[in-house]
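Novice: Numbering (this note's numbering), first residue to last: 3 to 383.
Using N, Cα and C, we set each Cβ at its ideal position, and we do this for glycine too.
Please see the structure below; I have some questions.
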């Protein structure tokens, strides 16, 4: 944690946060050693270069530049870097930082964490880039589905087996989806895109009273857009017998759900039970993190961040949106009502897909842009 004292102590300080832990990397899958930090073809290759050392280093570089120049900042800034964001359920890192801030009776005018990027080719038909700022994020729910039946030898099977019953239940989940819902962040996103986008999108996005069924049908065809309007439910792990000639007494599957704001654990579990239609299948919750609170876009803080984005990325259309993954940002909700999620980088889908994957990288131009973004943010707030 760092504090940079401003000259005006009358206003609440602001908080910049990021994390410096990373996921693992299998070196034989990389073009360059994943922890060496290789610069090639105007990119910096390395695990964590995008997620999210870009922000850690750019934030520190921006403060170093200001300190070296002897400039003073008007408002006080705090910086907090977490060490366990990728473990998600950990109570170290950001959780401890939040507790410390509460002991100091600190609160913040806004919190800015990693999040949406300046997306290129995000939606077909939009020529301009779209800078998406997360104003909320989906919740996280792990469920266990289990079935117990008579065990036995594979030479004299009795049907249905525990694995057969469970497989049928899992298949039903894959063939079904929870009903679509257009939440506040998505509605705000559609409004912004409709106001500045091509005419066909304006008609579609700005007239939801008439176009909602068509819009939902279009979004359903894209995995990313579908996740914006639905609580997604997907089987991820299944296990039964550990021998090919033994019929398991118990089969177990894990199912992961990413929960929309406004929905919760009970609602999702109830839908799962109704969908699988198998009384023999037991469903229980393993882990649940509720969806985050949703920050308003009708505040000076959101306008300030949006204007800063436009300064560094003048061609970008800035819009709020709903984060599909989990970040440390939700842990700071007790300290501010204005929580925003944005990564100052221009990215295509192919580049974003390298996150947590082999050959994660960040362009040198994006590194420069990120440093400019934070310098501008610090000097103008």
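Identify whether residue 232 lies in helix, strand or coil by the three-state DSSP scheme.
Specialist: Looking at residue 232 - three-state DSSP - the assignment turns out to be coil, as it is neither helix nor strand.
Novice: Measuring alpha carbon to alpha carbon, tell me which residue in 274, 119 and 246 is nearest residue 136.
Specialist: Of the listed residues, the one whose Cα sits closest to residue 136 is 119.
Novice: Pick out whichever of 38, 162 and 145 has its Cα sitting closest to the Cα of residue 152.
Specialist: Here the closest residue by C-alpha is 162.
Novice: Taking the alpha-carbon positions, what's the residue 357 to residue 190 distance?
Specialist: Taking the straight line joining both Cα atoms gives about 27 Å.
Novice: Determine the closest residue to residue 10 out of 228, 79, 235 and 292, with distance taken between C-alpha atoms.
Specialist: Of the listed residues, the one whose Cα sits closest to residue 10 is 79.
Novice: To which residues of the same chain is residue 274 closer than 6 Å at the C-beta, ignoring the five residues directly before and after it?
Specialist: Result list for residue 274: 285, in chain order.
Novice: Distance, Cα to Cα, residue 362 vs residue 150?
Specialist: If you take the alpha carbons of residue 362 and residue 150, they lie about 43 Å apart.
Novice: Short check: CB of residue 164 to CB of residue 252, under 7 Å?
Specialist: Taking 7 Å as the Cβ cut-off, residue 164 and residue 252 qualify as a contacting pair.
Novice: Could you please give me the residues that DSSP links to residue 1 through a beta bridge?
Specialist: Past the edges of the chain, shown from 3 to 383, lies residue 1, and the structure says nothing about it.
Novice: Helix or strand or just coil, what does DSSP make of residue 328?
Specialist: Coil, per DSSP.
Novice: Extract the residue ranges of the beta strand (DSSP E) inside the region 20 to 70, only unbroken runs of 3 or more that lie entirely within it.
Specialist: Complete beta strand (DSSP E) runs here, min 3: 40 to 42 and 45 to 47.
Novice: State the Cα-Cα distance for the pair residue 383 and residue 335, rounded to the nearest angstrom.
Specialist: Cα-Cα distance, rounded: 21 Å.
Novice: Tell me which same chain residues have a C-beta within less than 8 Å of the C-beta of residue 44, skipping the five on either side of it?
Specialist: Around residue 44: 365, 366 and 367.
Novice: Tell me, to the nearest whole angstrom, how far the beta carbon of residue 110 is from that of residue 14; I am working on the premise that it is less than 8 Å.
Specialist: So it is a contact: roughly 6 Å between Cβ atoms.
Novice: Quick one: measure Cβ to Cβ for residue 49 and residue 27, integer angstroms, because I've assumed they're closer than 8 Å.
Specialist: Correct: roughly 4 Å between the Cβ atoms.
Novice: Among the candidates 92, 293 and 168, whose CA atom is the shortest distance from the CA of residue 250?
Specialist: Minimum Cα distance to residue 250 is reached at 168.
Novice: I need the straight-line Cα distance from residue 314 to residue 348, nearest angstrom please.
Specialist: Using only the alpha carbons, I get a separation of about 11 Å.
Novice: Between which residues of its own chain and residue 104 is the CB-CB distance below 8 Å, once the five residues before and five after are set aside?
Specialist: These residues qualify, in order along the chain: 336 and 337.
Novice: Report buried or exposed for residue 268, applying the criterion of at least 16 other Cβ atoms within 10 angstroms of its Cβ.
Specialist: Exposed, by the Cβ-count rule.
Novice: When you compare each of 291, 64, 84 and 178 to residue 266 by their alpha carbons, which one comes out closest?
Specialist: Among 291, 64, 84 and 178, the Cα nearest to that of residue 266 belongs to 291.
Novice: Given that a residue counts as buried once 16 or more other Cβ atoms are within 10 Å of its Cβ, and exposed if not, what is residue 300?
Specialist: Result: exposed.
Novice: Which same chain residues, not among the five before or five after residue 277, have their C-beta less than 7 Å away from its C-beta?
Specialist: So the qualifying residues of the chain are 174, 175 and 178.
Novice: Whether or not the region 74 to 89 and the region 14 to 24 are in contact is what I'm after, with contact meaning three or more pairs of Cβ atoms, one per stretch, closer than 8 Å; do they touch?
Specialist: These segments touch.
Novice: In terms of DSSP beta bridges, what is residue 291 paired with?
Specialist: Its beta-bridge partners are 142.
Novice: How is residue 115 classed by DSSP in three states: helix, strand or coil?
Specialist: DSSP places residue 115 in strand when its eight states are reduced to three.
Novice: Measuring straight from C-alpha to C-alpha, what distance separates residue 53 and residue 340?
Specialist: Residue 53 and residue 340: Cα-Cα distance of roughly 22 Å.
Novice: Rounded to whole angstroms, how far is the Cβ of residue 322 from the Cβ of residue 293, which I believe are closer than 8 Å?
Specialist: Not confirmed; about 15 Å, so no contact.
Novice: Around the C-beta of residue 72, are 16 or more other C-beta atoms found within 10 angstroms, so that it is buried, or is it exposed?
Specialist: Exposed is the call here.
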